Amino acid sequence: MSDIRAIADRVEIEALRAEVTDAVMMRDYDRVASLFTPEGAMRWPHIDKEFVGREAIRAGVEWGQGLWEFFVQNVHPGVIRLEGDTASGRAYVQEFGRMRDGGSHLNYALYHDRYQRTPEGWKFSERVYEVRYLDPTPLAGSPPPAAPEAQA
């Protein structure tokens, strides 16, 4: 593989990781699902959940986001290991928010990823979420009030 090809692959995989974070934060569940291969998997072992296939991933992420009153996810780049038309990598995550049941949540975690080159570009073939630190201390803040409607 040429150096230029490896650089392009890394840039495309970083763009994929950014795209899925944006899609989750914007609650665009169809876009989230489209970023996985048709047989891709999303695994959340910390809550014993696994979603295989785009429809299940879409439904699972929508279910998960539905539990939150508000949710913020920050994802930081990690390693990418290229292996031809497949790759593996990790991304580092900080999340916080308040659940609809009133519980608060702050964690630091990792995504363990597998990627597949497809005719449409790089896609996730597997994403496994590993929580490394969890703090359920009630959050002192809250989301800002909704902006008033603009006056005509």
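Take the sequence shown: its position 66, counting from 1, is numbered 66 in UniProt numbering, and each next residue is one higher.
Every residue gets a Cβ at the ideal spot worked out from N, C-alpha and C, and that includes glycine.
Computed from a predicted model, the values in this text were never measured in an experiment.
- Checking the DSSP bridge columns, you'll see R114 partnered with S88 and E126.
- For G66, the uninterrupted alpha helix (DSSP H) run begins and ends at R54 to G66, by DSSP.
- Straight-line measurement puts the Cα of V128 at about 21 Å from the Cα of V11.
- Separation of G78 and Y92 (C-alpha to C-alpha, rounded to the nearest whole angstrom) is 6 Å.
- For A8, the closest of I80, V24, G64 and V131 by C-alpha to C-alpha distance is I80.
- When the alpha-carbon of V61 is set against those of E14, N74 and S34, the nearest one is in S34.
- Pairing R132 with Q94, the inter-Cα distance amounts to about 10 Å.
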